[in-house]
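*Asks:*
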Amino acid sequence: MILTVTANPALDVSYRVDRLRPGHVHRIGAVFERAGGKGFNVSRVLHDQSVPTRALGPVGGILGDSLRADLLDAGLPHDLLPVAAATRMTIAVVADEATTFNEPGGPLSAFDWSRLHDLVRSYLPRTEVLVCSGSLPLDAPDESYADFVALAAEFGVPTVVDVGGAPLRAAAEAGVAIVKPNAEELAAAVDDDDPVAGARQLRALGAEAVVVSLGADGLLAATPDGEWRATLPEPVAGNPTGAGDAAVAALADSLRRGLTWPERLRLAVTWAGAAVAAPLAGTVDHDVLRALYNQVDVTPL
């Protein structure tokens, strides 16, 4: 199976309003709540595609109970670790566009980090690929995901990491199989705005492969087998939230199946595009999914 770790989960709450007016009272038209976090979204997409997966993460407090209830209702295999830190909330106020407020997430104690490591370790003998995805809790060491990379390596399990900045750099130095930052996250890790140069820098640090999300411009990949750009002839209309998580899910699944790099990138762009066409992060539009695969252009750099 593919095991996902979401170190900093959140209850995602969306408020829909006719118009956002700072300093005024708003009447909310609709409220949506969902267990949030990049790793959970990756597992949702995999589960939707009938790929065996299990989602892990630390949760605490009343909102932690809400996350657990949502994952149970979705039928998503999971194992949530009860911790002392209260689970955070993210609020998106959606009018013509979304305005988002993200709480930082309470810090995990050294004891709870150790317990999370033990939980991940318990599943690694049954794991084909480990995915570590999303932000880290407040005051977490930059090496937090890198430590999971090293732990998985003890079991011969490759890891895919989706994070930015210093934690991304640390994961590369730990010898991660694939990192999947966006261009901004990559620039924060290497202090270079050129995504090709930045990807090469992360490979030089120790990452086996680097896949960079370029939004509507597709993906850029620097790998042991070559460098490519993967694009669609035109952007997919919809909500781009969750597209990167769908791409990570595709990369993890294709790594599990031993696909070639051009095949991996074609699948990642397809799943990402189908996620843009879907209403919620962690889901894909199946009609779009079937239509896009043969439209992806994978070009060597």
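The opening position of the sequence shown corresponds to residue 826 in my numbering, with each subsequent residue numbered one higher. The C-beta atom is built at its ideal place from N, Cα and C for all residues, glycine as well.
Which one or two residues does DSSP pair with Met826 in a beta bridge?
*Replies:* DSSP lists no partner for Met826.
*Asks:* Give a yes or no on whether the C-beta atoms belonging to Pro902 and Arg879 are separated by under 8 Å.
*Replies:* Yes, these two residues count as a Cβ contact at 8 Å.
*Asks:* DSSP state of Pro1125, grouped into three classes?
*Replies:* Of the three classes helix, strand and coil, the one that applies to Pro1125 here is strand, per DSSP.
*Asks:* Can you grab the Cα-Cα spacing for the pair Pro1087 / Arg1028, in whole Å?
*Replies:* Each residue's alpha carbon lies about 18 Å from the other.
*Asks:* Relative to the C-alpha of Asp837, which candidate in Val919, Glu1033 and Asp967 has its C-alpha closest?
*Replies:* Asp837 has its Cα closest to that of Val919, out of Val919, Glu1033 and Asp967.
*Asks:* For Glu1010, count the other beta carbons within 10 Å of its own beta carbon; 16 or more makes it buried, fewer makes it exposed. Which is it?
*Replies:* Buried, since its Cβ has 16 or more Cβ neighbours within 10 Å.
*Asks:* Please report the distance separating the alpha-carbon of Trp1096 from that of Gln874.
*Replies:* Those two C-alpha atoms are separated by around 10 Å.
*Asks:* Closest to Gly1031 by CA distance: which of Pro1104, Ala1062 and Arg994 is it?
*Replies:* Ranking the options by Cα distance to Gly1031, first place goes to Arg994.
*Asks:* By the DSSP assignment, the beta strand (DSSP E) with Pro902 in it spans what residues?
*Replies:* Pro902 -> no beta strand (DSSP E), and no H or E assigned at all.
*Asks:* By a C-beta neighbour count over all protein chains shown, 10 Å radius and 16 as the cutoff for buried, is Thr924 buried or exposed?
*Replies:* When all chains shown are included, Thr924 counts as exposed.
*Asks:* By the three-class DSSP mapping on this structure, what secondary structure does Val974 have?
*Replies:* Helix, per DSSP.
*Asks:* With distances taken from CA atoms, which of Phe926, Gly1000, Val1001 and Ala996 is nearest Ala1014?
*Replies:* The shortest C-alpha separation from Ala1014 is found at Ala996.
*Asks:* Grouping DSSP H, G and I as helix and E and B as strand, with all else coil, what is Pro1087?
*Replies:* Helix, per DSSP.
*Asks:* Which ranges would you report for the alpha helix (DSSP H) in the stretch 986-1046 if only whole runs of at least 4 residues count?
*Replies:* As far as the stretch 986-1046 is concerned, its whole alpha helix (DSSP H) runs of at least 4 residues are 990-998, 1008-1015 and 1020-1030.
*Asks:* From the DSSP output, read off the bridge partner residues of Leu1117.
*Replies:* Leu1117 is not bridged to any residue.
*Asks:* Measure the CB-CB distance between Arg869 and Gly1107 and report whether it falls below 8 Å.
*Replies:* Yes; because the gap between Cβ atoms is below 8 Å, this pair is in contact.
*Asks:* Could you give the first and the last residue of the continuous beta strand (DSSP E) run that contains Val842?
*Replies:* First-last for Val842: undefined, no H or E at that position.
*Asks:* Report the CB separation of Pro962 from Asn833 in whole angstroms; it is logged as a contact under 8 Å.
*Replies:* Their Cβ separation, rounded to whole angstroms, is 5 Å, which keeps Pro962 and Asn833 in contact under 8 Å.
*Asks:* To which residues does DSSP link Phe980 through a beta bridge?
*Replies:* The partner list for Phe980 (beta bridge, DSSP) is empty, contrary to what the question assumes.
*Asks:* With a threshold of 8 Å, are at least 3 pairs of Cβ atoms found where one atom belongs to the stretch 947-965 and the other to the stretch 979-992?
*Replies:* In short, these stretches touch, since the Cβ pair count reaches three.
*Asks:* Going by alpha carbons, who is nearest to Asp964 out of Val1073, Pro883, Thr1048 and Ala935?
*Replies:* Considering only alpha carbons, the answer is Ala935.
*Asks:* Would you mind sorting Arg913 into buried or exposed? The rule is 16 or more other CB atoms within 10 Å of its CB.
*Replies:* Burial call: buried.
*Asks:* Please return the same chain residues whose Cβ sits closer than 8 Å to the Cβ of Gly1069, not counting the five positions on each side in sequence.
*Replies:* Once the five neighbours on either side are set aside, the close Cβ partners of Gly1069 are Lys863, Asp987, Lys1005, Asn1007, Ser1038 and Ala1097.
*Asks:* Using the C-alpha atoms, what's the distance from Ile827 back to Tyr970?
*Replies:* Tyr970 and Ile827: Cα-Cα distance of roughly 16 Å.
*Asks:* Determine the direct distance from the alpha carbon of Val1113 to that of Gly1063, and round the result to whole angstroms.
*Replies:* Roughly 12 Å separates the two Cα atoms.
*Asks:* Closest to Thr915 by C-alpha separation, out of Ala1074, Ser960 and Ala999, would be which residue?
*Replies:* Ranking Ala1074, Ser960 and Ala999 by Cα distance to Thr915 puts Ser960 first.
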